Amino acid sequence: MLKQAKDYDYLKAQGDVSAAIRSGIPTATQLAQAKLARDKFIGLQIQAIDYRYQQFLRHLSRQFRGSGLALDILGFGLSGAASVAGAGAARGLAASATAVTGSRAAISRDVFYERTLSALIDEMNAARDQAKIALLTGMKQPISDYPLEIALIDLRAYEGAPSLDTALQKLSRSASDDARQAAFKVASTRACVPAPDSFVLRGQLASHLRGLTGAANLPKLQAIAAQAGVPVKDAAGVALSEDEVRDALLEQITKSLCSKADLQAAITAWGIPAPAAPAPPPAAPVP
């Protein structure tokens, strides 16, 4: 498979395409022959890239299971210099420095729990499938719409798609999103739903707390926290900031103050002034 790709490299395919078209206005037969040459090159390179990728996965799995040492990615022989197209394509695929490796030279085995390795492979496979779409779509196009030069660019993208770095980043983002969603669900289960006649009072409390900004208002927030039984220091005894005290009080409102009676008691205990009465409507003009 690799030998076939090397024997029919980019320069040979380019020569076959040019020979098929020749000079002047190409005939339908010449265009069809040029398309065949292009598709043959693409197909062989895809097979070679897939073969090297499977080698990479086998080495990765073997190193993971058989060694407690760091996984030396460069030891897999899959750096950019070992591209699949052979020496004849030095100006083609061999110029790709991405290959199928990440930029990290070594990855601690501790990172690769069994499920994590499987998830990383899934991410890399998905990236390869996405990159392969351009090649399969291009092979359906005539040579004029999808020349060999564009196919070469897409082959480089396909070869470089399965990056360990990118897969790790995607897994990290996914884990962060999952953590945020889980935290939201936990907060939702801990929160109480206020009675219909309590929304205005809850909003009054929250608005007052949000209005206490600046260092000058920190003592007021701390006094309210003392009334509410909310700590103003962390576990190490360090005083919480203004924002941290306010957030803790807002959380207390959400979790604990649900009934109208509780909210009115908090307004009184916390010394929160009653909202100003709305201004009377303007008098009707005298006819």
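Just add 528 to wherever you are in the sequence shown, counting from 1, and you've got this note's numbering. C-beta: ideal position from N, C-alpha, C; glycine also. Keep in mind that this is a model prediction, so the values were computed, not measured.
Cβ-based burial, SER631 [other Cβ within 10 Å; buried from 16]: As a first step, residue 631 must be located in the sequence shown, where it is residue number 103. Because SER631 sits at a pLDDT of 42, beneath the cut-off of 50, its placement in the model cannot be relied upon, and the point is left open.
For ALA756, the three-state DSSP class (helix, strand or coil): Counting from one through the sequence shown, the residue named residue 756 turns up at place 228. If DSSP states are grouped into helix, strand and coil, ALA756 belongs with the helices.
Short Cβ contact (8 Å threshold) for ASP682 with ALA655: If you number the sequence shown from 1, residue 682 lands on position 154. If you number the sequence shown from 1, residue 655 lands on position 127. Result no, Cβ atoms of ASP682 and ALA655 do not sit closer than 8 Å.
Where the alpha helix (DSSP H) through LEU778 begins and ends: Numbered from its first residue, the sequence shown carries residue 778 at position 250. From DSSP, the alpha helix (DSSP H) with LEU778 extends over 770-784.
Straight-line Cα distance separating GLY742 from GLY757: Position 229 of the sequence shown, counted from the first residue, corresponds to residue 757. Position 214 of the sequence shown, counted from the first residue, corresponds to residue 742. CA-to-CA, the gap between GLY757 and GLY742 works out to about 22 Å.
Strand pairing of LYS761, partner residues [DSSP]: Walking along the sequence shown from the start, residue 761 turns up at place 233. Looking at the DSSP assignment, LYS761 forms a beta bridge with ALA767.
Three-pair Cβ contact test at 8 Å for the segment 684-695 versus the segment 745-756: Segments in contact, no.
As assigned by DSSP and simplified to three states, the class of ASP535: Along the sequence shown, one-based indexing puts residue 535 at 7. Helix, per DSSP.
Cβ pair LEU696, ILE649 closer than 8 Å: Numbered from 1 along the sequence shown, position 168 holds the residue referred to as residue 696. Numbered from 1 along the sequence shown, position 121 holds the residue referred to as residue 649. No Cβ-Cβ contact shorter than 8 Å links LEU696 with ILE649.
Burial state of LEU664 (16 or more Cβ within 10 Å): Numbered from its first residue, the sequence shown carries residue 664 at position 136. Exposed, because fewer than 16 other Cβ atoms sit within 10 Å of the Cβ of LEU664.
For TYR674, the three-state DSSP class (helix, strand or coil): As a working mapping, residue 674 is identified with position 146 in the sequence shown. Coil at TYR674, not helix or strand.
Status (buried if at least 16 other CB within 10 Å, exposed otherwise) for PHE727: Reading the sequence shown from its first residue, position 199 is the one you call residue 727. It is exposed - the Cβ of PHE727 has fewer than 16 other Cβ atoms within 10 Å.
C-beta contact flag for GLN561 and ALA548 at 8 Å: The sequence position of residue 561 within the sequence shown is 33, counting from 1. The sequence position of residue 548 within the sequence shown is 20, counting from 1. Cβ distance < 8 Å, so GLN561 and ALA548 count as in contact.
Where ILE553 falls: helix, strand or coil (DSSP): The residue labelled residue 553 in the question sits at position 25 within the sequence shown. Coil at ILE553, not helix or strand.
Other residues of its chain near GLN792: CB distance less than 7 Å, five sequence neighbours each side excluded: Against the sequence shown, residue 792 aligns to sequence position 264. Cβ within range, chain order: LEU729.
SER735: first and last residue of the uninterrupted alpha helix (DSSP H) it sits in: In the sequence shown, residue 735 corresponds to position 207, counting from 1. Segment 727-739, the alpha helix (DSSP H) holding SER735.
Cα-Cα separation, ARG774 to SER735: In the sequence shown, residue 774 corresponds to position 246, counting from 1. In the sequence shown, residue 735 corresponds to position 207, counting from 1. Approximately 11 Å between the Cα atoms of the pair.
Assumed close pair ALA533, ALA565 - CB separation to whole angstroms, cut-off 8 Å: Counted from its first residue, the sequence shown places residue 533 at position 5. Counted from its first residue, the sequence shown places residue 565 at position 37. That pair is no contact at about 14 Å.
Endpoints, alpha helix (DSSP H) assigned at GLN669: Locating residue 669 in the sequence shown gives position 141, counting from the first residue. Under the DSSP assignment, GLN669 falls outside any alpha helix (DSSP H); it carries neither an H nor an E label.
Simplified DSSP assignment, three categories, for ILE800: Taking the first residue of the sequence shown as 1, we reach residue 800 at position 272. DSSP places ILE800 in coil when its eight states are reduced to three.
Per-residue DSSP class, three states only, for ASP544: What you label residue 544 is simply residue 16 of the sequence shown in a count that begins at 1. In the structure shown, ASP544 sits in a helix (DSSP, three-state: H, G or I).
Proximity of GLU772 and LEU699 at Cβ, strictly below 8 Å: The residue labelled residue 772 in the question sits at position 244 within the sequence shown. The residue labelled residue 699 in the question sits at position 171 within the sequence shown. In this structure, GLU772 lies away from LEU699, with their beta-carbon atoms at least 8 Å apart.
Per-residue DSSP class, three states only, for ALA689: Here residue 689 refers to the residue found at position 161 of the sequence shown. If DSSP states are grouped into helix, strand and coil, ALA689 belongs with coil.
CA-to-CA distance, GLN558 to ALA659, given in whole angstroms: Taking the sequence shown and counting its residues from 1, the one referred to as residue 659 is at position 131. Taking the sequence shown and counting its residues from 1, the one referred to as residue 558 is at position 30. Rounded to the nearest angstrom, the gap between the Cα atoms of ALA659 and GLN558 is 29 Å.
Beta-carbon proximity list for THR644, same chain, < 8 Å, skipping 5 on both sides: Translated into the one-based positions of the sequence shown, residue 644 becomes position 116. Scanning its chain for C-beta atoms nearer than 8 Å, with the 5 sequence neighbours on each side dropped, one finds around THR644 the residues LEU699, in chain order.
Environment of GLY537 [buried if 16+ CB atoms lie within 10 Å]: Counted from its first residue, the sequence shown places residue 537 at position 9. The amino acid occupying residue 537 in the given sequence is Asp; Gly does not appear at that position. Residue burial annotation: ASP537 is buried, with at least 16 other C-beta atoms found within 10 angstroms of its C-beta.
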